[in-house]
Amino acid sequence: MVFVPAVGAKTVDSKTEEVGPFSGIEMPEELKKNVVQVDPYTFVFKGEINDKEALYAAWDDYEEKVLSKNQVSVTQSNNVDGNAVTTTTSTSGTDTARRNLLGSYIKGDTYFHGTMETGLTIPVTFTGDGYTKGRWYGTGNPNKIKLGSDVKITGVSVSISYPSGAGFSLSGDTVTYSGEWNNVAGAQHYYDNLKATSWVSITDQDQNDAETFRFGTSDYTLYTHVDL
Numbered sequence: 050m051v052f053v054p055a056v057g058a059k060t061v062d063s064k065t066e067e068v069g070p071f072s073g074i075e076m077p078e079e080l081k082k083n084v085v086q087v088d089p090y091t092f093v094f095k096g097e098i099n100d101k102e103a104l105y106a107a108w109d110d111y112e113e114k115v116l117s118k119n120q121v122s123v124t125q126s127n128n129v130d131g132n133a134v135t136t137t138t139s140t141s142g143t144d145t146a147r148r149n150l151l152g153s154y155i156k157g158d159t160y161f162h163g164t165m166e167t168g169l170t171i172p173v174t175f176t177g178d179g180y181t182k183g184r185w186y187g188t189g190n191p192n193k194i195k196l197g198s199d200v201k202i203t204g205v206s207v208s209i210s211y212p213s214g215a216g217f218s219l220s221g222d223t224v225t226y227s228g229e230w231n232n233v234a235g236a237q238h239y240y241d242n243l244k245a246t247s248w249v250s251i252t253d254q255d256q257n258d259a260e261t262f263r264f265g266t267s268d269y270t271l272y273t274h275v276d277l
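Numbered by the numbering used here, the letters in the sequence shown go through residues 50 to 277 in order.
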């Protein structure tokens with residue numbers, strides 16, 4: 050985990066091994082031929098894929114099982130400890146962009162989920178998870194797919210922490226991810242345990258993504274966004 054306090058402090062990388070959100074739930078056999086795990090948080094679709102629609106659908110079924118198991122299923126709850134009341138709320142959002150291209154289409158997806166905990170005797174704490182995806186549905190593969198993601202946590206004196214293996218970098222109140230892969234049909238980057246804390250307030254959370262597909266020398270970019 051990388052911890053980034055609000056004001057002038059060093060970044061600390063822990064020594065614990067990171068396994069990512071998909072650890073402990075085995076990938077179905079039908080996916081193993083064409084899905085490659087690049088790191089604990091990133092997967093790409095490679096090789097000759099006869100039916101991309103079916104492969105993506107099978108992955109999405111697997112993904113739903115993983116994410117539903119990992120998430121805190123709290124819509125809103127109040128816990129009373131003496132005179133202190135702690136409130137927990139959970140929200141999520143999705144966005145999709147699509148462009149017809151070369152007789153088929155490209156598609157980008159964003160998912161952003163967060164849980165906010167507030168109380169009189171604890172800091173405001175936001176815990177987020179999500180993903181960005183870029184997929185090509187036609188024959189063959191793009192020459193390159195690039196994913197970019199910015200997650201911005203707005204508030205007063207906010208400290209941010211995130212898993213060191215998730216590929217994020219921090220600038221101000223925004224964590225940024227960027228990755229690119231050659232000759233893949235699709236790519237998707239996940240993250241979890243993105244934490245922001247403040248003793249004053251956290252007022253907004255945004256995820257802005259870009260999914261770029263290169264065919265030959267031409268790039269085509271989709272933009273997706275979720276504001277919690």
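Even for Gly, the Cβ is constructed at its ideal location relative to N, Cα and C.
All figures in this text were calculated on a predicted structure; none of them were measured in a lab.
Check	Outcome
Spatial neighbours of V315 within its chain, please: CB distance less than 7 Å, with the 5 preceding and 5 following residues excluded, ordered by chain position.	This structure cannot speak to residue 315, because the chain is shown only from 50 to 277.
Under three-state DSSP, which class holds S122?	The predicted model places S122 with a pLDDT of 45, which falls under 50 and marks its position as unreliable; any figure quoted below should be read in that light. The answer is coil: DSSP assigns S122 none of H, G, I, E or B.
So what's E229 in DSSP terms, helix, strand or just coil?	strand
Which of the three DSSP states is assigned to V115 in this structure?	helix
Short of 7 Å in beta carbon distance, which residues of its chain neighbour E79, apart from the five on each side in sequence? Order them along the chain.	A107
Can you grab the Cα-Cα spacing for the pair K195 / F262, in whole Å?	7 Å
What separation, rounded to the nearest whole angstrom, lies between the Cα atoms of Q254 and L277?	5 Å
Look up K81 in the DSSP assignment and say whether it is helix, strand or coil.	helix
CA-CA distance, T170 and T135?	8 Å
Please classify D110: does DSSP put it in a helix, a strand, or coil?	helix
What's the gap between the Cα of V84 and the Cα of V205?	41 Å
Kindly confirm or deny that the segment 174–194 and the segment 215–222 touch, where touching means at least three C-beta pairs closer than 8 Å.	no
In whole angstroms, what separates the C-alpha of H238 from that of H162?	14 Å
What ranges does the beta strand (DSSP E) occupy inside the segment 241–274, keeping only unbroken runs of at least 3 residues that lie completely in it?	250–264
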